[in-house]
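Undergrad: Got a structure for you, questions after.
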């Protein structure tokens, strides 16, 4: 169960409103600067181009105060993951240069590729807070370069960092023992070590900005401002919740399959609204599976929080610890969304998205004007890796698709899904970094969106020509079978798919697949379109004409749907 504790500062009542405004905006700006520093300092395309990383600032108790608006799935449980580290090594024992590190899914973490690093911030010998970052690392070992689709347990997915304290000067700098251990267990050490260094650099930026605020206003005033910022988010969120009708609302959605059978994996959510609180219970969700679709509980927390935040709050409410105080989240142990060790978890985003969808479907019953239809709510990840003369090149990309429509507008076309929020990797960047493939096709898919008063967003395709024999292709995806759903009379979006064109023949890809490719193969991935909102008969004629003019909807489909 998610539970947060409120820590008020004695100096909070005497806080000057002007000081509060300047300090809190300074903290938010510092967190955003950390995110920019991390992305611009990274070596791998998944961070440098796709921005699969996040950053936040914390108070001395490990409560999130401010964060960069990057990856919702990574940001939601950052305080819970911090507390797992603090439980292993109390904050009172920390010294200058120490840091916490973890990626352990069964000690608060998510999946192994997301490594969390927390650096304490001292001012005049006093611990005033923490700077924390998380980054998706392209390769951390495991049974297959970049992505292990057939891992039998979490140990086959890469290195596990239990919640541990290290010292940067002693264990990392130069040829520190931790750095050498990590480098010896991964396939692309220059790239991955560079990304770790980018995390440390971002943490140092956040620490310096917090110390500058302490120098100007004093540590006590900084603590008071952090406490009030968290309280402000809590007050705003409780007010939003109090406007909803009390009751218990239910929703469910399903992952396509586990990669072995065709049986869908159902996630159920019961959402209880009571006054200014909300409880989310995933009781009734299917049991954990033997493949990597299992979703650690911290990821379940993050998905549920993201659904609630996106549907029920204003974008101007800062996401911090205060937003989590009115929320309680439960999931049965041993289920798909709270698995037992040592179940593999690499593709946990697929089940995480079904948590997101199930909660949104429940909220649609109490706040229909605030939710969106189903979209390409999945993480479609592909990896293309190649070994040549003992050296690996690993390319991994997270794809978007069609966004669901809402009461107010059409869904976005070809955008990453809400929990991932990654950008695309430009073709120029892949041409510069990789010589075992090239991108030969990239565009929107007409007629892939669900129709309605507002149509869903279009999915897109991306085609890769393989330039060398022996390229390893791995993929996990969803929405290939269970289509993105429409709402309130809107039509469902079209499902995704994939294929290999080899010697003039098309070989279909499964949503969870692993293939060895040949030179000359053309691999094409098609992502799902978003669901529509409201009846298609209510769509404005000028919107229909606009879609036809721009090629989003073909004339044949338009005649069939709109007459």
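Residue numbers (the working numbering): 289 to 851. Even for Gly, the Cβ is constructed at its ideal location relative to N, Cα and C.
#1: Return the CA-CA distance between residue 721 and residue 576, expressed in angstroms with no decimal places.
#2: Sorted by chain position, which residues of the same chain lie with C-beta nearer than 6 Å to residue 547's C-beta, five sequence neighbours on each side aside?
#3: Nearest-angstrom Cα distance between residue 282 and residue 651?
#4: Quick one: give me the first and last residue of the beta strand (DSSP E) that residue 501 is part of.
#5: Buried or exposed: residue 511, going by 16 or more other Cβ atoms within 10 Å of its Cβ?
#6: Three Cβ pairs or more, each shorter than 8 Å: is that satisfied between the region 521-528 and the region 316-335?
#7: Report buried or exposed for residue 773, applying the criterion of at least 16 other Cβ atoms within 10 angstroms of its Cβ.
#8: Helix or strand or just coil, what does DSSP make of residue 405?
#9: Evaluate residue 795 with the Cβ neighbour count: other Cβ atoms within 10 Å of its Cβ, from every protein chain shown; 16 or more gives buried, anything less gives exposed.
#10: Pull up the DSSP beta-bridge partners for residue 355, would you.
#11: If we call anything under 8 Å between Cβ atoms a contact, is residue 391 one with residue 449?
#12: Roughly how many whole angstroms lie between the Cα atoms of residue 360 and residue 394?
#13: Let me check one thing: in DSSP terms, what residues is residue 674 bridge-paired to?
#14: Starting from the C-beta of residue 608, find all residues in its chain whose C-beta is less than 6 Å away, skip the five residues before and the five after it, and write them out in chain order.
#15: For a quick check, are the C-beta atoms of residue 330 and residue 711 less than 8 Å apart?
#16: Grab the span of the alpha helix (DSSP H) containing residue 696 for me, first residue to last.
#17: Which residues in the same chain as residue 336 place their Cβ atom closer than 7 Å to its Cβ, once the five residues preceding and following it in sequence are excluded?
#18: With a threshold of 16 other CB atoms inside 10 Å of the CB of residue 293, please say whether the residue is buried or exposed.
#19: Could you give the distance in angstroms between the alpha-carbon of residue 802 and the alpha-carbon of residue 621?
#20: Starting from residue 454, follow its DSSP beta bridges and name the residues at the other end.
#21: CB-CB under 6 Å to residue 297, same chain, minus the five flanking residues each way: which ones, in chain order?
#22: Skipping 5 residues on each side, what residues in its chain have a beta carbon closer than 8 Å to that of residue 507?
#23: Taking the alpha carbon of residue 627 as the reference point, which residue from 570, 789 and 661 has its own alpha carbon closest?
#24: Less than 8 Å between the CB atoms is what I'm expecting for residue 758 and residue 804, so what's the real figure, rounded?
#25: Would you give the residue range spanned by the beta strand (DSSP E) that residue 802 belongs to?
#26: Tell me the rounded alpha-carbon separation between residue 299 and residue 357.
#27: In three-state terms, what does DSSP make of residue 605?
#28: Pull up the CB-CB distance for residue 555 and residue 541, whole angstroms please, since I reckon it's below 8 Å.
#29: Could you say which of 442, 765 and 614 lies nearest to residue 665 if we only look at CA atoms?
#30: For the alpha helix (DSSP H) holding residue 760, just list the boundary residues, first then last.
#31: Excluding the 5 residues preceding and the 5 following residue 464 in the sequence, name in chain order all residues of the same chain whose CB lies nearer than 7 Å to its CB.
#32: Which residues bound the alpha helix (DSSP H) around residue 840?
#33: Taking the CB atoms as reference points, tell me whether residue 396 and residue 423 lie closer together than 8 Å.
#34: Quick one: is residue 815 buried, meaning 16 or more other Cβ sit within 10 Å of its Cβ, or exposed?
#35: Where do the ends of the alpha helix (DSSP H) carrying residue 721 lie?
#36: State the CB to CB distance for the pair residue 811 and residue 733, rounded to an integer number of angstroms; the pair is presumed to be in contact (CB under 8 Å).
TA: Short version:
#1: 38 Å
#2: 579 and 800
#3: Absent from the structure is residue 282, since the part of the chain shown begins at 289 and ends at 851.
#4: Residue 501 -> not in any beta strand (DSSP E); alpha helix (DSSP H) instead, spanning 477-505.
#5: buried
#6: no
#7: buried
#8: strand
#9: exposed
#10: 344
#11: yes
#12: 20 Å
#13: 681
#14: 352, 353, 518 and 521
#15: no
#16: No alpha helix (DSSP H) holds residue 696; DSSP gives it neither H nor E.
#17: 327 and 330
#18: Unreliable placement is indicated for residue 293, whose pLDDT of 41 sits below 50; the coordinate value is still reported in the next sentence. Exposed, since its Cβ has fewer than 16 Cβ neighbours within 10 Å.
#19: 30 Å
#20: 387
#21: Below a pLDDT of 50, predicted positions are generally treated as unreliable, and residue 297, at 43, falls in that range; the measurement from the model is reported next regardless. Hits under 6 Å: 511, 512 and 515.
#22: 411, 412, 414 and 416
#23: 570
#24: 6 Å
#25: 800-805
#26: Any reading at residue 299 must be qualified, since the residue scores a pLDDT of 42, below 50, and its modelled position is unreliable; no value is offered.
#27: coil
#28: 6 Å
#29: 765
#30: It is not in any alpha helix (DSSP H) - residue 760 instead sits in the beta strand (DSSP E) that spans 759-764.
#31: 458
#32: That residue, residue 840, is in no alpha helix (DSSP H); it is neither H nor E in DSSP.
#33: no
#34: buried
#35: 715-721
#36: So it is not a contact: roughly 16 Å between Cβ atoms.
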